[in-house]
Every structure is written in C-alpha cells, then in structure tokens.
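Numbering (this note's numbering), first residue to last: -17 to 566.
See structure below.
This is the structure:
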C-alpha cells in the first residue's frame, strides 16, 4: 500500500488547489525556509485524523484555513485528500484506490469522506488500523521525533510496537467489549432491582386494577343513565325552544309587516310633506312675482306718462321750431332784399352792411342749430314711440302671466287642502301601526323572556354534560393509566420470569446445571440465591456479605454433587461450588 497523491486546497499556505504526486521510490521535497515544506507533512498528518492543533503548529482549529494575504482574500474552508494505492487489498475496502478526505469550515464544522462517501472520523481510524498509518503511529516523523522514541520509556515504546504489530485494533475492540460487558452487568443489576420492586407492587396493582375495572363498569352505567336523563331533558327543551322559535318567527313576521307598513306610511308622509312644502314655496314665489310685476307695471305706467309728456313737449317744440324757422326764413328774405337794395348805397352803408352780414351769419347758425335740435327731437319722439309700444306689449304679457299665476295659486291651494286631508289620514294609520307595534313588542318581550329561560335550561344541561364528559374522560384516562401500569408491570414480570427461567446473572456452567434434565437434577436443591428471601432493606447487605457464594449449588447428597461435576467436565462448562446437605 503506497501513498500516490496529495490534494490540498485552502490548507494553511496552499490557497490554490495543489496536487503532489508520489512515485514508488523516495520523494524529497526541498525549498527555502517558509516555502511550505512542513505544511505538506502537516496536511498528511491532519488528513490521517490528527486532532491536536498544537501538533500542527497552530492555536485554534481555523488556523489550518488559508488566512488571506495582501493580494488574496481569506478562504472559508480547508480540504486535504490522500490517495492510496490499495491494489494489495491492505485496506479493508473493495477498491484498488482509496481516497481519504478531510474538510473543515471556519464555523468549526468538519466533514470526513472515504472515496467521496461521507463517514465519521472513527471510520477513518478503523480503516487505517493495523496499517501503520494510525493517529499515534510513526508514519509521520517530525523533527526530534527519533530522539523522543529512543529516549522514551518502555511503556511508551510498547504502543509503537503494538501499532506496528497490528494489535491496536484488537485492543480497541477488547476495550469496547469490556465496556459493553460492564454496561450489561449494570443493566442486569438494575433489572434485579426492578424485579424485586415489581414483585412487591404486583399484588396491590392487580387489586387496584380489579377495583378500577369495577369502578369503570359502574361509572359507565352511571354515565349511561345520566346521559339518557340528559337527552330526555334536552329533547323536551329542544321541543319547547322549537315552539317558541315558531311563535317568535310569526311575531317577527307580523312585526316586519307592521314595520314595513309604518315605513310606507312614514315615506308617504314625508313625500306629502315635501310636496306641501314645495307648493308653499311655489305660492311664496308666485306672490313675490305678483308683487314684483305689480311694481314693475306701476313703474312702466310712470315711464309711459313721462314719455307721453315728453312727446307732447317735443311736438310743441317742433311746432315752435317750425314757426321760428318760418320767421327766420322770412326775415332772411327781407334782409337779403334789403341787402340787395342797399348794395347800391354808398360806402356809408358798408358798416351797416357788415353788421347785417354778421347778424345774418348768427341767424343762419341759430337756424342750423334749431334745425339739428328739431331733427334730434324727432328722432327722440320716434324712439319714445317704439319704447312705448314695447312697454305696452310687456305690460300685456305681465298681465297674462299674473292671471296664470293667480290660477296656479288657486290650484295649489286646492292641492294643499287635499294633501293636508291625506296627511291626517296617514297620521291616523301611523298611530294605529304604532299601537300594533307596541303590542307586538310586548309579545316579543314575553317570547324573549321565555326563550332566555329555555336557553338557561339548555346551558345548565350543556354544563352538566360537560362535567359528565370531563368525568368520563378522567375515568378513561385513569383506566388507561392503570391499564398501562398493569401492562408495564406484566411486561416487567414477564421479563423477570424469563430471566429467572434463564437464570440470568449466573455463570454459564451453573445455568446449564440448573436447566439440565438429567436424573440427578432432582437431587439438586438449587442455588443459594434461590433458596431464601430477605427484606428489601437488607438486600444490598446480604449481596455484599455473600458475594459469589450466592451462586453456590446445594445438593441433597455428595453423589448428586459428583454427577454435576462430571457434567461440567464433560461439557467443558467451567467450575462450580457444591454444598451437599449431608456434609454441611
């Protein structure tokens, strides 16, 4: 069996995945200090199951994981694999090549693999046992290790020779077997204690079980009678509740009908009140419009009188202007005639002429102004006529609207009287409905009281039923507990009986002697431990005092003892001590 290859990743200084091949001869790894030569031997030692971090030149478990550098971050795990050539089947596995892998994480978790299958560290130790590659073997020899071996004590060298000789595995198996035998002996002692305790409790528990069965039988009959009585009460209560619910349903239906009728009456009342309010508002609006139209009519009449007066004044002014215009025309003609007559006069008349011309110009300007005023007055007269005609039409329309409003007012007054009459009728119906509602409420209250009383009875019945169910469950649990205890006691008794029949605790030869059916067996009284009983408080003292003498066999005579000794010799069952009664 040879180590063929070392694969490491993240272990100490090996940040990259690194493989080291080993040939069939000697492989030497050389390099300057700090290049990682010792880390290779540490990796091999660690993969073989080394648990001491100090041996691997560290202080804690995570020191074997690459801690990072200035150019690379730290890794979270370290892994080392050793590949062995198993063509000679030195390792107890059916593979020509065996790969042992160990992996550790910064969290402290560890994983172990054999040929990529998860396993325990113990499995690796067992696989490498007797191969010279164990934890304490000399397969990896460090500095000063040879001096330590040469200077070690003989007891310390013995473990090395045992490892080389291949007996370490058997020593470990012997150690495990002795530990299991000690545990078995302790268990047998506990069984003896349990058997003694159960034998003392078996009779009282059997009596308790019988009393429990009697109690359960009587209690079940009581529960059945109580349940029958309760069911009868519940049936009567349910019938009363059903009857009350039917009456309550009828009253509720009548109450709903009355409520619907009342709601309809209230709605109709509200509608009539709204309609009456709308009519009153319309009447108020119509009265306001009548007052407004009357005021407007009076104002229009006043405007009409003013316009008529203005028209008369305009006509008089027109007439006066016409007269003035005629007078001015006549005067102009006279002046023009005088001007023509005076044109032949002398220069003395020139000043008078100029005065006359100036007067003529003034009169002409006054004439033109009077003419414009006359035209303006004519235009105003036409506009006044048009406004008067428009006002007359408006007055006629408003009179027609006023008469229509008067008719609407009379119609609304009639509708108001009709609505007030209907409102009085609905008020009577509402009063009657309220009276019926009060009667229904009283009946409903009576039914509610009756229903509450029935519900109280039902609650009492339910509470009684819960109490009975609780008592029944407690009785069932008690019965199951006692049955479990009885079954446990029976199981213990069965185990103890089997142990007694098999003579557990006795030596192999004594067991066979006590179980044999040879003729001389009838002359054997039995072992000392079988032939007497003691109080519980003295058991430990007697066992301590007698010790192995408890397994001595008492026989009726020496012949039976000799026959038993021959039996042991023939069957190679060891030794036993016999106490013949004839010689005691």
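Backbone N, C-alpha and C fix where the C-beta goes; we use that ideal spot for every residue, glycine too.
### Query
With 16 other CB atoms within 10 Å as the buried threshold, where does residue 485 fall?
That one is buried.
### Message
Using the Cβ count rule (16 or more neighbours within 10 Å means buried), how would you classify residue -12?
### Response
Buried, because 16 or more other Cβ atoms sit within 10 Å of the Cβ of residue -12.
### Task
Starting from residue 134, follow the alpha helix (DSSP H) in both directions and report where the run begins and ends.
Per DSSP, residue 134 belongs to no alpha helix (DSSP H) and is neither H nor E.
#### Entry: Of the residues 211, 530, 525, 502, the one placed nearest residue 562, counting alpha carbons only
Of the residues 211, 530, 525, 502, the one whose Cα lies closest to the Cα of residue 562 is 502.
### Message
Check whether the region 42 to 51 and the region 59 to 67 touch, using three or more Cβ-Cβ pairs below 8 Å as the test.
### Response
With the cut-off at 8 Å, the region 42 to 51 and the region 59 to 67 touch.
### Message
Among the candidates 54, 30, 40, whose CA atom is the shortest distance from the CA of residue 81?
### Response
Minimum Cα-Cα distance from residue 81 among the listed residues 54, 30, 40 corresponds to 30.
### Query
Opposite residue 59 in the DSSP bridges: which residues?
Note: residue 59 sits in a beta bridge opposite 87.
### Query
By how many angstroms is the C-alpha of residue 496 removed from the C-alpha of residue 489?
Approximately 11 Å between the Cα atoms of the pair.
### Query
Whole-angstrom Cβ separation of residue 528 and residue 491, contact assumed at under 8 Å?
Incorrect: roughly 19 Å between the Cβ atoms, too far for contact.
### Message
When you compare the region 459 to 475 with the region 188 to 197, are there three or more beta-carbon pairs, one atom per stretch, that lie closer than 8 Å?
### Response
The region 459 to 475 makes contact with the region 188 to 197; the number of CB pairs closer than 8 Å reaches 3 or more.
### Message
Which residue wins for smallest C-alpha separation from residue 50, given the options 231, 260, -6?
### Response
Ranking 231, 260, -6 by Cα distance to residue 50 puts -6 first.
### Query
Run through DSSP, which three-state label would residue 197 get?
Secondary structure of residue 197 (DSSP, three-state): helix.
### Task
Give the straight-line distance between the Cα atoms of residue 553 and residue 104, rounded to the nearest whole angstrom.
Their backbone Cα atoms lie some 40 Å apart in a straight line.
### Task
Helix, strand or coil for residue 67, going by three-state DSSP, please let me know.
Looking at residue 67 - three-state DSSP - the assignment turns out to be strand.
### Task
Please report the residue range of the beta strand (DSSP E) in which residue 100 lies.
Note, residue 100: beta strand (DSSP E), 99 to 101.
### Query
Taking the C-alpha atoms as reference points, what is the distance between residue 162 and residue 523?
One C-alpha to the other measures close to 27 Å.
#### Entry: residue 4 versus 65, 28, 14, residue with shortest Cα-Cα distance
Taking only the C-alpha atoms, the option nearest residue 4 is 65.
### Query
So does the region 536 to 549 actually touch the region 499 to 518, counting three or more Cβ pairs closer than 8 Å?
At 8 Å Cβ cutoff, the stretches touch.
### Query
Count the other CB atoms within 10 Å of the CB of residue 438; is the residue buried (16 or more) or exposed (fewer)?
When all chains shown are included, residue 438 counts as exposed.
### Query
With distances taken from CA atoms, which of 16, 158, 182 is nearest residue 472?
If we check each option's Cα against that of residue 472, 182 comes out closest.
### Task
Note the first and the last residue of the continuous beta strand (DSSP E) segment covering residue 522.
Run containing residue 522: none in the beta strand (DSSP E); it sits in the alpha helix (DSSP H), 521 to 528.
### Query
At what residues does the beta strand (DSSP E) containing residue 2 begin and finish?
Its beta strand (DSSP E) spans residues 0 to 3.
### Message
Suppose the cutoff is 8 Å on Cβ atoms and the five residues either side in sequence are ignored; what does the same chain contact list for residue 546 look like?
### Response
495, 502, 506, 535, 537, 558, 560.
#### Entry: Euclidean distance between Cα positions of residue 555 and residue 159
Their backbone Cα atoms lie some 21 Å apart in a straight line.
### Task
Would you kindly work out how many angstroms separate the C-alpha atoms of residue 206 and residue 479, rounded to a whole number?
Whole-angstrom Cα-Cα distance: 41 Å.
### Rounded separation between residue 220 and residue 234 - CA only
Cα atoms of residue 220 and residue 234: separation of roughly 20 Å, rounded to the nearest angstrom.
### Query
Helix, strand or coil: how does DSSP classify residue 266 here?
In this structure, residue 266 counts as helix in the three-state DSSP scheme.
### Query
Under the criterion of a Cβ to heavy atom distance below 7 Å, does residue 463 qualify as lining the ligand COA?
Absence of the ligand COA is noted for the structure shown, with no ligands found whatsoever.
### Message
Quick check on DSSP: helix, strand or coil for residue -14?
### Response
Looking at residue -14 - three-state DSSP - the assignment turns out to be strand.
### Query
Is the distance from the Cβ of residue 6 to the Cβ of residue -15 below 8 Å?
The answer is no: Cβ separation not under 8 Å.
### Query
Using a beta-carbon distance below 8 Å, is residue 137 in contact with chain B?
In summary, chain B is missing from the structure at hand, where a single protein chain is found.
### Query
residue 532 by DSSP, collapsed to three states: which one?
Residue 532: helix per DSSP, three-state reduction.
### Message
By the three-class DSSP mapping on this structure, what secondary structure does residue 508 have?
### Response
DSSP places residue 508 in strand when its eight states are reduced to three.
### DSSP three-state assignment for residue 260, whether helix, strand or coil
Reduced to three states, the DSSP call for residue 260 is helix.
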